[in-house]
Each structure stands twice: as C-alpha cells, then as structure tokens.
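Read the structure below first, then the notes.
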Amino acid sequence: MSGHESTYEPKLGITKWLDSRLPIVRLAHDSFVDFPTPKNLNYWYTFGGILAVCLAIQIITGVVLAMHYTATVDEAFGSVERIMRDVPFGWLIRNIHMVGASMFILAVYVHMFRGLYYGSYKAPREVLWLLGCVIFLLMMATAFLGYMLPWGQMSLHGANVIINLFGAIPLVGESIQSWLMGGPSVGNQTLQRFFSLHYLLPFMIAGVVILHIWALHVPGNNNPTGKEVQDVEKDTVPFHPYYTVKDGFAIVVFLIIFAAFVFYAPNVLGHADNYVEANPLVTPAHIVPEWYLLPFYAILRAITFNIGPIEAKLLGVIFMFGSIAVLFLLPWLDTSKVKSMRYRPVAKQFFLGFVVACLLLSWCGAENPDNPIIKMGDDKLVVTYTDAAGLEGSRVFEEYAPASQFRDETAAAGGTASLGIQVAPAFRFLHLSQLMTLYYFAYFLIILPFLGLRERPKGEPDSIHHSILGNDAPAAAPAE
Amino acid sequence: MSDSTTTATENVDEERRDFIHVAAIAATVGGAGMVAYPFIDQMNAAGDTKAASSLEVDVTKVPLGGEIRVLIGGKPFFLRHRTPEEIAAAVNTDVAKMPDPETDEARLMPLPDGTYNPAILVTSGACTHLGCVPVGPAQGNVGDYGGWYCPCHGSHYDTSGRIRKGPAPTNLPIPQYEWVSNSVVKISL
Chain A
1416 MSGHESTYEP
1426 KLGITKWLDS
1436 RLPIVRLAHD
1446 SFVDFPTPKN
1456 LNYWYTFGGI
1466 LAVCLAIQII
1476 TGVVLAMHYT
1486 ATVDEAFGSV
1496 ERIMRDVPFG
1506 WLIRNIHMVG
1516 ASMFILAVYV
1526 HMFRGLYYGS
1536 YKAPREVLWL
1546 LGCVIFLLMM
1556 ATAFLGYMLP
1566 WGQMSLHGAN
1576 VIINLFGAIP
1586 LVGESIQSWL
1596 MGGPSVGNQT
1606 LQRFFSLHYL
1616 LPFMIAGVVI
1626 LHIWALHVPG
1636 NNNPTGKEVQ
1646 DVEKDTVPFH
1656 PYYTVKDGFA
1666 IVVFLIIFAA
1676 FVFYAPNVLG
1686 HADNYVEANP
1696 LVTPAHIVPE
1706 WYLLPFYAIL
1716 RAITFNIGPI
1726 EAKLLGVIFM
1736 FGSIAVLFLL
1746 PWLDTSKVKS
1756 MRYRPVAKQF
1766 FLGFVVACLL
1776 LSWCGAENPD
1786 NPIIKMGDDK
1796 LVVTYTDAAG
1806 LEGSRVFEEY
1816 APASQFRDET
1826 AAAGGTASLG
1836 IQVAPAFRFL
1846 HLSQLMTLYY
1856 FAYFLIILPF
1866 LGLRERPKGE
1876 PDSIHHSILG
1886 NDAPAAAPAE
Chain B
55 MSDSTTTATE
65 NVDEERRDFI
75 HVAAIAATVG
85 GAGMVAYPFI
95 DQMNAAGDTK
105 AASSLEVDVT
115 KVPLGGEIRV
125 LIGGKPFFLR
135 HRTPEEIAAA
145 VNTDVAKMPD
155 PETDEARLMP
165 LPDGTYNPAI
175 LVTSGACTHL
185 GCVPVGPAQG
195 NVGDYGGWYC
205 PCHGSHYDTS
215 GRIRKGPAPT
225 NLPIPQYEWV
235 SNSVVKISL
C-alpha cells in the first residue's frame, strides 16, 4: 500500500550489498510478505492467486508443447496426435494445457464477478479494473488462437466464422479479413501466424499482470465491506502468513478440481469434432465455440434485425464487442458511492439477475437459436401443390399418412406437390438470447447508473474492523 | 514552450529551438510510419499465395450427373456435369418467384466460340448463409430442388445453384472463370 513504510531489514552482508544496488528482495518483501491486507477477505478473494498459478501452468506446459508441435497444415494435426501417443508424458502435458485453458478462464470469470459484486472497480481502483479488462481481452484472444493450433475441424471452421465477423465491417472489412488470414482463406500462413501470436500473448498477459498487481498495491485490496483501510493496526493483517496460507489452501482445492478434469474428463469441455483433421470441403454440422465464449456468441446471434442503415450482421458484431467494451466503462457507469453490494439491497437482486443472464446466454450460445424452449402447439405437415390444371395451393395435415397420400395422388394426377413442415409458434433460444442480451446491456447502461442515485444503502459498517466487531466498538479513527 | 528564453549564461533562439522540435517530431512520426508499414504489410497475402489463386480444370473428367470439388486458395468450388433433366429443371422454372432471381443462362460462361455448354455448371462451394460447404450428389443429398443441400442450417439450392429454400440470402456465386478450350475451364479467385 502506498504510504506504508518498508519493514525489510537486510541482515547478511550479501543482502545488504544487493539491497543498495537492486532492492528486489525489498520489493518482494513489501509486496508479498509485510503487505498490509484487509483482515476480512473471504475465499472469493483467493482467485487472484489462483489466476497467477494458472498463468504459470499455461506458460510452462505451453513452452513444452511448442517443443513438439509443428505449425503447418500438413503436420499440425499429426504432431498433436504424436504428442498424445508418442512423446513421453505428452498426453499429460497437453491435457493440462487444454484443461488449463478452461480452468484459467473459469477462475477469471469468478474473479470478475467478485469484482462486480464488491464494487472493486470503483475509485480509487479504476485503473486496476481497466488493466484487468485488458488481461481478459488478451486471454480471450490467446484462447481463440490456441484453439486453432490442433488443426481439427472446429479449429478451422471456428476460426473461419470468427474471422468472417471482421468482414461485416463496412468498407475495410474484406481487406482486414484477408490481412488477418494472409490469403483468400484460413490456410497454412494463417496457422503459422496464429502459432506465433499464441506464443507471444501469454507473455504480454504476464506483463499486464505485473501492472495489475502494481495498480492493486497502490490503493491496497478492496474487501467485502468496500470500506477503505482507516487504521492499519486494526483493519489489516500482513499478507504473509495470513493470506499466503489462505490463498495456498484455495489453490490446493482448485488444483484438485483441475486434476480431476485432467485425469478423468480431459475432453469433456471440448468438442469431438476437433479430433477430426481440418477439411475445408466439409463443414461440421454444428459449429460452436468453446464454452467460455458462448455468452458472446449468443449475443452475436441474438441480433437478427437491422437498426436503421446498420445491417443485422454488423450490428451483431457491434453488440458482441460492445458487451466487452461496456466493462471498460463500468467504473464511470455505476453511480453508487457504496462499493459493496452487501449493503445495496436492490442492486444485489439485479446482480443476481446479471449472473443468471450470463448463464442463460451461455446456454443459448450452445443451442441452435431456432430450437424451441417452450412450444405453443404442434408442428404440422403442409403440402404445397400445383395440380394438373395449373392451380396452386397448399393443405395442412396433422398426420404423415394422409399428407403423403395427398401428395402422391396430386402427383399421379399430373400435378406437382411437395411436403414440408409448418413449424408451430414457440418461445425459442433466439428469443431467450434477445431478452438476456437486453438485460446484459440494461444492467450496465440503465440499472447501475440510475440505481446508484435512488437506492438507499443498508447496514454499512463504519470501518473494516467494525464489520467484524460491530459498530459499537470504539472507533479507531474519526469516521469519514 | 518555457517562457524564460534567456538565462544568465546563454541566449536561446526560440525559433531555432521550435524548428528542431518540429523537425524531430516529424522525423520520429515519419520514421515510425515507415517502419510500421512493412511490418503490417507482411501479413497480407504473399506472392506465392496470390499466384496459387487460379486453377485449370479438365471438365471431361466430371461424370454425368456428378460433380467434382476443387479447392483454390483453400476456397471450395463445384463443377457439376448436369443431366438433360437437371438442365431442363433449371431452365423451366419461374425465375421471378425465387429469392434471388437469376436465369440459368446468366449463370454460364461462353465457350471460346461464343456458344454455351449448359451441361457444365461452375459455382462457388460456400453456402451464402454462413460459409458452410453444401452436400451434393456424391454425398447422397441434393435437397428438395435437386441441386445442393446445406446441412448446417438447411438451405436448398437447385440444379443451377440458386437458393430456393432456407436461410441463405443469395445464390451460390459464379466464380470468375473462363473456358480456355471446349474441355478446360480456368477458375480464378
């Protein structure tokens, strides 16, 4: 925390010598040993440490995999299979890397929801939040690039769909698209640049993580009460051993779950189609992104209408990127002075709704938008025909037998007829995703800005230690 | 710019200093642009990639009633040898009722002698909906109109590659191609 005096005292000759030349041990000591940390952090606050472990795991396993992987369209798929079958412990290292990507993003989502609930994005932590959003963007880019590398069917056709999104941009869209692909289609040159960037981005993430921790250590941690530290003695404990142990315990539990996936269900979060080598002549019937991109995919597909001169396809892209862009604006959208939603009875409900909306959007993203959720009536059969006299018409049937009989009779009489399905009206995944997209944006752009002005907070403690000892405890510092 | 232009020991020529600042900034911005350009341009299609963007195909190899599929620069194209019935079905329909009205003849290219060979149809192999590759006679499903069927979202194309039913907005595009002889077509991207 800024203003906190360093307590590091080098004792050995060599540490004294180093401290006056490069005070790196002092920096580590002040940041991770005697760093005053609010004493009331709960387990939701351990995900920062978990994420650091995840990043390290991904970089180490990734560097190892790159020793065995070949980034050409002819050999990529085979080299991944070779890692799985022939390279000693290749199966283990690849499964860790593959499951690790999902675990990493799972942890980052928990970390983000934590920040949303406890108002960790508010002054004086706006820059901390913005840096977190940058990390999130880099992570999604890295995950997308990495998913392409095994050169399976989903790799190729998924990359195709995402790159095609850029084609929706007016005027320059097609040039950007072919610039990204380095040719007329996703091919060898695309795979090579994706590999290069996939190797680069994690180190950029590591760099931004350092800035993120720096920005955290200037104001210090937020905490479940949302109150700033007023008295270092009463409100905080040193990071070590209190939070090294608490974070350590959470990391162990997290790694147990991680290991369960690696050893018992390494492929459960992926798609079987990606174990079929990429073939540009055959498209998988159902293209779905990885689970962590599903909410954004659902938002993309929810926009099926034009607004003014903007076509649906471009609008979908705008909404999808907008759903992330809005996170960058959040510190200035939420007008409430109370940080923690613990003391915001109304906002708490809307937050719960927001979590549900994100989960429902994920569900919508995984399903075909035209599939019904609630059916209103049954599908019917309809025969469209032109009879021998040249008259056109159509007839609706409930059952198949009379419908096909009518079709055959019409055809036999010298007309033409074809059988089709008249789909019953229904509440479909499209409609659910549209409602949830509306709620997603309303939460940030309407609810948080206006609620902060109207809502009456409830039960806010005077300080961190009051939240533990009760508001009757003697005040340590004059209340703000 | 600082207000104090003179100190006890030196006289500063403010105009000269401005010139140096402007020149330094211009050189930096210009230099950065000159460096950035090749690093951005290197990601565009390389010479050999561009060179590989056309293909000559011998259509006598296409069986009657069947098709062959070729990839040019990674993009799929269909060459279909249509039966007389399929040609008749493509020609004898009311074009005006189609989602994307186009006559069959408008979708053919002339032979070197200026006549047309309706038996050979050359189209793009990417569904105009979301870019999936439709299935055709070789895969045992030609859709309701005898041409192609896209399994992704159910678009039906007729024997001229025109969209007849389903979510695709337009017909399968006819690529840039020409007949270099009566039996060879050259398709370009």
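So the sequences go chain by chain: A and B. Quick note, the first sequence lines up with residues 1416 to 1895 if you use our numbering. Quick note, the second sequence lines up with residues 55 to 243 if you use our numbering. We treat Cβ as the ideally placed atom computed from N, Cα and C, and that holds for glycine.
In chain A, which residues lie less than 8 Å from B:T147 when you measure between Cβ atoms? Residue 147 of chain B sits at position 93 when you count from the first residue of the second sequence. Neighbours of B:T147 on chain A: none; closest Cβ ~11 Å, over 8 Å.
When you compare each of A:Y1690, A:L1767, A:T1640 to A:E1875 by their alpha carbons, which one comes out closest? Here the question's residue 1875 of chain A lines up with position 460 in the first sequence. Closest option to A:E1875, Cα to Cα, is A:T1640.
I'd like to know whether the C-beta of A:V1697 is nearer than 8 Å to at least one C-beta of chain B. Here residue 1697 of chain A is taken as the residue at index 282 of the first sequence, counted from 1. Judged by the 8 Å Cβ criterion, A:V1697 is in contact with chain B.
List, in chain order, every chain A residue whose beta-carbon is nearer than 9 Å to that of B:N98. Along the second sequence, read from residue 1 onward, the residue named residue 98 of chain B stands at position 44. S1590, S1593, W1594, G1597, G1598, listed in chain order.
With a threshold of 8 Å between beta-carbons, can B:V116 be considered close to chain A, or not? One-based indexing of the second sequence puts residue 116 of chain B at position 62. Judged by the 8 Å Cβ criterion, B:V116 is not in contact with chain A.
Applying the 10 Å Cβ sphere with the 16-neighbour rule, what's the burial state of A:L1543? Here residue 1543 of chain A is taken as the residue at index 128 of the first sequence, counted from 1. With 16 or more other Cβ atoms within 10 Å, it is buried.
Within this structure, are the beta carbons of A:L1748 and A:L1863 separated by less than 8 Å? In the first sequence, the residue the question calls residue 1748 of chain A occupies position 333. In the first sequence, the residue the question calls residue 1863 of chain A occupies position 448. Going by C-beta atoms, A:L1748 is nearer than 8 Å to A:L1863.
Using only the alpha-carbon positions, how far apart do B:V238 and B:V196 sit? Start at 1 with the first residue of the second sequence, and residue 238 of chain B comes out as number 184. Start at 1 with the first residue of the second sequence, and residue 196 of chain B comes out as number 142. Using only the alpha carbons, I get a separation of about 25 Å.
CA-CA distance, A:T1659 and A:W1566? For the purposes of this step, residue 1659 of chain A is identified with residue 244 of the first sequence, where counting begins at 1. For the purposes of this step, residue 1566 of chain A is identified with residue 151 of the first sequence, where counting begins at 1. Their Cα atoms are separated by approximately 41 Å.
Is it true that the CB of A:L1696 sits closer than 8 Å to the CB of B:V187? As a working note, residue 187 of chain B is residue 133 in the second sequence. As a working note, residue 1696 of chain A is residue 281 in the first sequence. Yes, Cβ-Cβ distance for B:V187 and A:L1696 is below 8 Å.
Run through DSSP, which three-state label would A:G1867 get? As a position in the first sequence, residue 1867 of chain A is number 452, starting the count at 1. Here A:G1867 sits in helix by DSSP.
Using a beta-carbon distance cut-off of less than 9 Å, what residues from the region 1560-1590 of chain A approach chain B? H1572, N1575, V1576, N1579, S1590
Residues from the region 1699-1724 of chain A in contact with chain B, defined by Cβ distance under 9 Å: P1699, A1700, H1701, I1702
Mind checking the region 123-137 of chain B against chain A and listing, in chain order, the residues whose C-beta falls within less than 9 Å of any C-beta there? R123, L125, I126, G127, G128, K129, P130
Cα separation between A:N1689 and A:E1648? Position 274 of the first sequence holds residue 1689 of chain A. Position 233 of the first sequence holds residue 1648 of chain A. Near 55 Å, if we compare the C-alpha coordinates of A:E1648 and A:N1689.
Look at the Cβ atom of B:E121, then the Cβ atom of B:L109, and state whether they are nearer than 8 Å. Translated into the one-based positions of the second sequence, residue 121 of chain B becomes position 67. Translated into the one-based positions of the second sequence, residue 109 of chain B becomes position 55. Cβ distance not < 8 Å, so B:E121 and B:L109 don't count as in contact.
Return no unless some Cβ of chain B is closer than 8 Å to the Cβ of A:S1897. In the structure as shown, chain A starts at 1416 and stops at 1895, and residue 1897 of chain A therefore has no counterpart that could be examined.
In this structure, what does DSSP give as the bridge partners for A:K1795? The residue you call residue 1795 of chain A lines up with position 380 of the first sequence. Bridge partners of A:K1795: A:Q1837.
Where A:V1440 and B:A81 are concerned, what is the direct C-alpha to C-alpha distance, given to the nearest angstrom? Numbered from 1 along the first sequence, position 25 holds the residue referred to as residue 1440 of chain A. Numbered from 1 along the second sequence, position 27 holds the residue referred to as residue 81 of chain B. Between A:V1440 and B:A81, the C-alpha separation is close to 42 Å.
If the cut is a Cβ gap below 7 Å, which residues of chain A does B:V187 touch? As a working mapping, residue 187 of chain B is identified with position 133 in the second sequence. What B:V187 touches in chain A: L1696, V1697, T1698.
Roughly how many angstroms lie between the CA atoms of A:V1753 and A:R1759, to the nearest whole one? In the first sequence, counting from the first residue as 1, residue 1753 of chain A sits at position 338. In the first sequence, counting from the first residue as 1, residue 1759 of chain A sits at position 344. Using only the alpha carbons, I get a separation of about 8 Å.
Nearest to A:L1564 by CA position, among A:G1602, A:S1535, A:C1469, is which residue? Here residue 1564 of chain A is taken as the residue at index 149 of the first sequence, counted from 1. When only C-alpha atoms are compared, the closest one is A:G1602.
Kindly say whether A:I1798, judged by its beta-carbon, lies nearer than 8 Å to any beta-carbon of chain B. On the first sequence, residue 1798 of chain A is found 383 positions in, with the first residue counted as 1. First, the residue type needs correcting, since residue 1798 of chain A is Val and not Ile in the sequence shown. With 8 Å as the cut-off, A:V1798 does not count as an interface residue toward chain B.
State yes or no: is the C-beta of A:S1833 within less than 8 Å of the C-beta of B:D102? Walking along the first sequence from the start, residue 1833 of chain A turns up at place 418. Walking along the second sequence from the start, residue 102 of chain B turns up at place 48. No.
Do we get a CB-CB distance below 8 Å when we pair A:V1741 with the residues of chain B? Taking the first sequence and counting its residues from 1, one reaches residue 1741 of chain A at position 326. Not closer than 8 Å to any Cβ of chain B, the Cβ of A:V1741 fails to qualify, so no.
With 8 Å set as the bound, which would you pick, yes or no: does the beta-carbon of B:G220 sit closer than that to a beta-carbon of chain A? Looking up residue 220 of chain B in the second sequence gives position 166. No, B:G220 lies away from the interface with chain A (no Cβ there is under 8 Å from its Cβ).
When you compare only the Cα positions, how much space is there between B:L175 and B:G127? What you label residue 175 of chain B is simply residue 121 of the second sequence in a count that begins at 1. What you label residue 127 of chain B is simply residue 73 of the second sequence in a count that begins at 1. Cα to Cα, B:L175 sits roughly 20 Å from B:G127.
Would you kindly work out how many angstroms separate the C-alpha atoms of A:P1787 and A:M1499, rounded to a whole number? Within the first sequence, numbered from 1, the residue matching residue 1787 of chain A stands at position 372. Within the first sequence, numbered from 1, the residue matching residue 1499 of chain A stands at position 84. Cα to Cα, A:P1787 sits roughly 40 Å from A:M1499.
A:Y1562, DSSP secondary structure in three states: Position 147 of the first sequence, counted from the first residue, corresponds to residue 1562 of chain A. DSSP places A:Y1562 in helix when its eight states are reduced to three.
Please list, in chain order, all residues of the same chain as A:H1904 whose beta carbon is under 7 Å from its beta carbon, the five residues on each side excluded. Shown here, chain A extends from 1416 to 1895; a query on residue 1904 of chain A therefore has no answer.
Less than 8 Å between the C-beta atoms of A:A1486 and A:Q1607, yes or no? As a position in the first sequence, residue 1486 of chain A is number 71, starting the count at 1. As a position in the first sequence, residue 1607 of chain A is number 192, starting the count at 1. Taking 8 Å as the Cβ cut-off, A:A1486 and A:Q1607 qualify as a contacting pair.
Between the region 1459-1473 of chain A and the region 1504-1520 of chain A, do three or more beta carbon pairs fall short of 8 Å? yes
Do the CB positions of B:H210 and B:P221 come within less than 8 Å of each other? Counting from 1 along the second sequence, the entry for residue 210 of chain B is found at position 156. Counting from 1 along the second sequence, the entry for residue 221 of chain B is found at position 167. Taking 8 Å as the Cβ cut-off, B:H210 and B:P221 do not qualify as a contacting pair.
DSSP state of B:E68, grouped into three classes? As a position in the second sequence, residue 68 of chain B is number 14, starting the count at 1. If DSSP states are grouped into helix, strand and coil, B:E68 belongs with the helices.
Of the residues that make up the region 1600-1632 of chain A, which ones have a beta carbon closer than 8 Å to any beta carbon in chain B? S1600, V1601, G1602, Q1604, R1608
For B:L184 and chain A, any beta-carbon pair shorter than 8 Å? The residue labelled residue 184 of chain B in the question sits at position 130 within the second sequence. Yes, because at least one Cβ of chain A sits closer than 8 Å to the Cβ of B:L184.
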